[in-house]
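Note that numbering that gives the first Met the number 0 has the sequence shown beginning at 0, numbered continuously upward. Virtual Cβ for every residue (Gly too), placed ideally from N, Cα, C. On a predicted model such as this, the values are computed, not experimentally measured, just so you know.
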Amino acid sequence: MKTFTDKVAAITGAGSGMGRSLALELARRGTHLALSDIDEASVANTAIACRALGVRLGVRVTSQQLDVAQRDAVFAWARDTAAVHGKVNLVFNNAGVSLSVPAATARQEDFEWLMNINFWGVVHGTQAFLPYLSASGDGHIVNTSSLFGIIAMPTQSAYNASKFAVRGFTEALRMELDLAGSPVSCTCVHPGGVATNIVTTSRIDDSIAAFTGIDAQTHRRRANKLIDVTSAEAAARQILAGVQRNARRVLVGPDARRVDKLARLLGASYQALVVWFYRRSAMSGKRATGATSAHSTTTESSTH
């Protein structure tokens, strides 16, 4: 897919972050858009901005509230998108949420909440739109994994599990499409630190304090500093460039590229380096804070 002009793209998590930036960039390029987000007001605002950007190119934009964890709702959205727009050429399975909690104290309901969005949302979107992408003759699926789909990190077991799952699912799908000679291709995206609100609105379990010596809000502030590497706008441009060259994998940002090289070089030994780094930084305040264990969850969900 060398051009996005007059194509139709469906984007989940389009209310903010990378999803919103992808929508805006595609509108500038003359792509018709079907946008969704669990936050109805935010996706409506994105739609308004996209219509303004694409007015000279005749861009058509639709939007709706959608929970990607609800399989039937995603399939209904795909049917409606194809009916209203006449075709679908691209789907960006971008919606995602974050959870920070030690593996030993992770609650099943929190784990299921995250997996239902980060992994099953990708599966739902892929399966719902694949027939329409095939019918278009030049379809492309873009699934968002993460830097943490390349390496694992302490307190990120649930998030790592979801993003490694997205990576495995997408890479297997790409090979199946190649074997079938399908007109559809797919790309797995691994963003590094992208300046979005995913950390600000993430779930951080208070039991993290007993493990790291850092309370939830301090953990959030530190994490927000780490993700401020690449703008969402730059991330969108890198992703679309990857689609145009039919890349199997897109590493977004210099940190993602460095970590990918590190993982390739060290193999499983990277874990020892992470443990050393974590002890030196995240756990440095343990004795100073004297934190005690409590088990509650703060804030709610967001998108990439």
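*Could you tell me which of Ser62, Leu65, His31 sits nearest to Leu52, measuring between CA atoms?*
For the purposes of this step, residue 52 is taken as the residue at position 53 of the sequence shown. Of the candidates Ser62, Leu65, His31, the one whose C-alpha sits nearest the C-alpha of Leu52 is His31.
*Give a yes or no on whether the C-beta atoms belonging to Leu176 and Val165 are separated by under 7 angstroms.*
Within the sequence shown, the letter at position 177 stands for residue 176. Within the sequence shown, the letter at position 166 stands for residue 165. The answer is no: Cβ separation not under 7 angstroms.
*In the DSSP assignment, find the beta strand (DSSP E) that holds Gln64 and state where it starts and stops.*
Against the sequence shown, residue 64 aligns to sequence position 65. It spans 60-64 - the beta strand (DSSP E) in which Gln64 sits, taken as one unbroken run.
*Are the beta-carbon atoms of Leu25 and Ala8 separated by less than 7 angstroms?*
Numbered from 1 along the sequence shown, position 26 holds the residue referred to as residue 25. Numbered from 1 along the sequence shown, position 9 holds the residue referred to as residue 8. Yes. Within cutoff.
*Quick one: measure Cβ to Cβ for Thr11 and Gly124, integer angstroms, because I've assumed they're closer than 8 angstroms.*
Here the question's residue 11 lines up with position 12 in the sequence shown. Here the question's residue 124 lines up with position 125 in the sequence shown. Rounded, the Cβ-Cβ distance is 6 angstroms, consistent with contact.
*In whole angstroms, what is the alpha-carbon distance linking Ala81 and Tyr269?*
One-based indexing of the sequence shown puts residue 81 at position 82. One-based indexing of the sequence shown puts residue 269 at position 270. Using only the alpha carbons, I get a separation of about 45 angstroms.
*Say whether the region 129-144 touches the region 71-91, bearing in mind that this needs 3 or more beta-carbon pairs closer than 8 angstroms, one atom from each stretch.*
yes
_Between the alpha carbons of Arg27 and Thr4, how many angstroms are there, rounded?_
Position 28 of the sequence shown, counting from 1, holds the residue named residue 27. Position 5 of the sequence shown, counting from 1, holds the residue named residue 4. Roughly 9 angstroms between the two C-alpha positions.
*Pick helix, strand or coil for Ile116, following the three-state DSSP scheme.*
Start at 1 with the first residue of the sequence shown, and residue 116 comes out as number 117. In this structure, Ile116 counts as helix in the three-state DSSP scheme.
*Measure the C-alpha to C-alpha separation of Ile238 and Met152 and round it to an integer number of angstroms.*
On the sequence shown, position 239 is the one that residue 238 refers to. On the sequence shown, position 153 is the one that residue 152 refers to. One C-alpha to the other measures close to 24 angstroms.
*In the region 60-144, which residue ranges form an unbroken beta strand (DSSP E) of at least 3 residues, counting only runs that do not cross its ends?*
60-64, 89-92, 139-143
*Can you tell me where the beta strand (DSSP E) with Leu34 in it begins and where it stops?*
Within the sequence shown, the letter at position 35 stands for residue 34. Taken as a continuous stretch (DSSP letters only), the beta strand (DSSP E) holding Leu34 covers 31-36.
*Among residues of its own chain, excluding the 5 on either side of Trp257, which ones have a beta-carbon nearer than 6 angstroms to its beta-carbon?*
Walking along the sequence shown from the start, residue 257 turns up at place 258. With the sequence shown as reference, residue 257 is identified as Arg, and Trp is not the correct amino acid for it. Nothing meets the Cβ criterion.
_Cβ neighbours of Ser133 in the same chain (closer than 7 angstroms, five flanking residues each side left out)_ = Within the sequence shown, numbered from 1, the residue matching residue 133 stands at position 134. Answer for Ser133: Ser181, Pro182, Val183, listed in chain order.
_Integer-rounded CB distance, given that Val60 should sit under 8 angstroms from Arg70_ = As a first step, residue 70 is located in the sequence shown; it is residue number 71 there, counting from the start. As a first step, residue 60 is located in the sequence shown; it is residue number 61 there, counting from the start. About 25 angstroms separates the two Cβ atoms, so there is no contact after all.
*Along the chain, where does the alpha helix (DSSP H) that runs through Val249 open and close?*
Counting from one through the sequence shown, the residue named residue 249 turns up at place 250. Val249 -> not in any alpha helix (DSSP H); beta strand (DSSP E) instead, spanning 248-251.
*Along the chain, where does the beta strand (DSSP E) that runs through Val7 open and close?*
Reading the sequence shown from its first residue, position 8 is the one you call residue 7. It spans 7-10 - the beta strand (DSSP E) in which Val7 sits, taken as one unbroken run.
*Give the DSSP bridge partners of Pro190, in chain order.*
Looking up residue 190 in the sequence shown gives position 191. DSSP lists Val251 as partners of Pro190.
*So, are the CB atoms of Leu34 and Ala235 less than 7 angstroms apart?*
The residue labelled residue 34 in the question sits at position 35 within the sequence shown. The residue labelled residue 235 in the question sits at position 236 within the sequence shown. No, these two residues do not count as a Cβ contact at 7 angstroms.
*Taking the Cβ atom as the reference point for each residue, do Val188 and Thr143 lie within a distance shorter than 7 angstroms?*
As a first step, residue 188 must be located in the sequence shown, where it is residue number 189. As a first step, residue 143 must be located in the sequence shown, where it is residue number 144. A contact, by the Cβ cut-off of 7 angstroms.
*Is Asn115 near Ala68, with beta carbons less than 7 angstroms apart?*
Residue numbering aside, residue 115 sits at position 116 when the sequence shown is read from its first letter. Residue numbering aside, residue 68 sits at position 69 when the sequence shown is read from its first letter. Against a cut-off of 7 angstroms, the Cβ pair of Ala68 and Asn115 comes out as a contact.
*Go ahead and pull the three-state DSSP assignment for Thr2.*
The residue you call residue 2 lines up with position 3 of the sequence shown. Residue state, collapsed to three classes: coil.
_Give me the residue from Met0, Trp119, Arg278, Gly191 with the minimum Cα distance to Thr169._
Along the sequence shown, read from residue 1 onward, the residue named residue 169 stands at position 170. The candidate whose alpha carbon is nearest that of Thr169 is Trp119.
*Return the chain-ordered list of same chain residues with a C-beta closer than 6 angstroms to the C-beta of Glu232, the five sequence neighbours on each side being excluded.*
Mapped onto the sequence shown, residue 232 falls at position 233. Excluding positions up to five away in sequence, the list reads Ser20.
_If contacts are defined as beta-carbon pairs under 8 angstroms, then Leu250 and Asp259 qualify, I think. What distance do you get, rounded to the angstrom?_
The count along the sequence shown starts at 1 and reaches residue 250 at position 251. The count along the sequence shown starts at 1 and reaches residue 259 at position 260. Contact flag correct, Cβ pair sits at about 5 angstroms.
*asked:* Taking the straight line between their C-alpha atoms, what separation do you get for Leu178 and Arg55?
replied: Translated into positions along the sequence shown, residue 178 becomes position 179. Translated into positions along the sequence shown, residue 55 becomes position 56. Between Leu178 and Arg55, the C-alpha separation is close to 40 angstroms.
_Proximity of Val42 and Ser62 at Cβ, strictly below 7 angstroms_ = Taking the sequence shown and counting its residues from 1, one reaches residue 42 at position 43. Taking the sequence shown and counting its residues from 1, one reaches residue 62 at position 63. Yes. Within cutoff.
_Leu190 classed as buried or exposed, judged by whether at least 16 other C-beta atoms fall within 10 angstroms_ = By one-based count along the sequence shown, residue 190 stands at place 191. Note that residue 190 is Pro in the sequence shown, not Leu. Buried is the call here.
*Excluding the 5 residues preceding and the 5 following Ala105 in the sequence, name in chain order all residues of the same chain whose CB lies nearer than 7 angstroms to its CB.*
Numbered from 1 along the sequence shown, position 106 holds the residue referred to as residue 105. Excluding sequence neighbours, Ala105 sits near Ser156, Ala157.
*So, are the CB atoms of Thr186 and Val141 less than 7 angstroms apart?*
Within the sequence shown, residue 186 is the residue found at index 187, counting from 1. Within the sequence shown, residue 141 is the residue found at index 142, counting from 1. Contact flag set, yes.
*Can you tell me where the alpha helix (DSSP H) with Phe147 in it begins and where it stops?*
Within the sequence shown, numbered from 1, the residue matching residue 147 stands at position 148. Taken as a continuous stretch (DSSP letters only), Phe147 belongs to no alpha helix (DSSP H), as it is neither H nor E.
*Starting from Val42, trace the alpha helix (DSSP H) both ways and give me its first and last residue.*
Along the sequence shown, one-based indexing puts residue 42 at 43. Note, Val42: alpha helix (DSSP H), 39-53.
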